[in-house]
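Enquirer:
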Amino acid sequence: MEAAAAVVAEKGYEAATMAEIAARSGTKIGSLYRFFPNKESLADTIVISARENLDTVFDKFDAGVHALSIRTLADNFVVRLVEQVFAKPALMKLMDASVEWSVKREEFKSAALRRIARTLVIHTPNLPQNYAEDIALIILLNAKAMATHQNLRDSVLREFRDMTRLFLQSRLRPGRGASRRSAN
Numbered sequence: 000m001e002a003a004a005a006v007v008a009e010k011g012y013e014a015a016t017m018a019e020i021a022a023r024s025g026t027k028i029g030s031l032y033r034f035f036p037n038k039e040s041l042a043d044t045i046v047i048s049a050r051e052n053l054d055t056v057f058d059k060f061d062a063g064v065h066a067l068s069i070r071t072l073a074d075n076f077v078v079r080l081v082e083q084v085f086a087k088p089a090l091m092k093l094m095d096a097s098v099e100w101s102v103k104r105e106e107f108k109s110a111a112l113r114r115i116a117r118t119l120v121i122h123t124p125n126l127p128q129n130y131a132e133d134i135a136l137i138i139l140l141n142a143k144a145m146a147t148h149q150n151l152r153d154s155v156l157r158e159f160r161d162m163t164r165l166f167l168q169s170r171l172r173p174g175r176g177a178s179r180r181s182a183n
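Numbering (numbering that gives the first Met the number 0), first residue to last: 0 to 183.
Below you can see the structure in the form of structure tokens.
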């Protein structure tokens, strides 16, 4: 798995080959095919592992999220998503792969959106679910952008963090979500 992740991170999903993954891992190609019948199944395993990590990270986060300030909530979203979920370059390459290779990738995106929305509702119980889902999409896209560009200067990363804070402060103020949705 480590060899597969390294090859996908370096070359992207489309350019990665089972032969190169086998060579990188010091495994015979036949042995690799015994466990993974094709490149898609190997990529699915990487995504499934990331999904399990997502659930673990958010289970811990959700346990104490109700007591956080909005600023701390925003900072925690950035840390958890960028540093703990999207920190694996292979996952980022797989999420951006142009081919429609996997249902697992779409399941991962949907799960990430659901987990973020759930956390928002735990933090702000009067937040309508559909509004939480809208906010979750923005947070996910913001975190993905930060994770994709990990070589950014610290000043740019601070701007991303500040943007997330300001966005959540503007959306989670008491009464904001309920009044906005009832007006639409």
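Beta carbons: idealized from backbone N, C-alpha and C, even for Gly.
It should be emphasised that the depicted structure is a prediction, and the values quoted were computed from it without experimental measurement.
If you scan the stretch 71-96 from start to end, which runs of the alpha helix (DSSP H) of 4 or more residues do you find wholly inside it?
Expert: Runs found: 88-94.
Enquirer: By DSSP, does R172 sit in helix, in strand, or in coil?
Expert: Three-state DSSP puts R172 in coil, outside helix and strand.
Enquirer: State yes or no: is the beta carbon of A131 nearer than 9 Å to at least one beta carbon in chain B?
Expert: Absent from the structure is chain B; it holds one protein chain and no more.
Enquirer: Going by Cα to Cα distance, which pick from Y130, P124, S68 and R79 is closest to A111?
Expert: Here the closest residue by C-alpha is R79.
Enquirer: Between the beta-carbon of I20 and the beta-carbon of A3, is there less than 9 Å?
Expert: Closer than 9 Å, so yes.
Enquirer: Under a Cβ-count criterion, where at least 16 other Cβ atoms within 10 Å of its own Cβ denotes burial, should L140 be classed as buried or exposed?
Expert: Exposed, because fewer than 16 other Cβ atoms sit within 10 Å of the Cβ of L140.
Enquirer: Rounded to whole angstroms, what is the Cα-Cα separation between A18 and H65?
Expert: If I take the Cα positions, the gap works out to 49 Å.
Enquirer: Would you grab the beta carbon distance between I47 and K108 for me? Rounded to a whole angstrom, and I think it's under 8 Å.
Expert: The Cβ separation is near 13 Å, so there is no contact.
Enquirer: Using 9 Å as the threshold, is the C-beta distance between V81 and M162 below it?
Expert: Taking 9 Å as the Cβ cut-off, V81 and M162 do not qualify as a contacting pair.
Enquirer: Can you give me the start and stop residues for the alpha helix (DSSP H) that S101 sits inside?
Expert: From DSSP, S101 is part of no alpha helix (DSSP H); its letter is neither H nor E.
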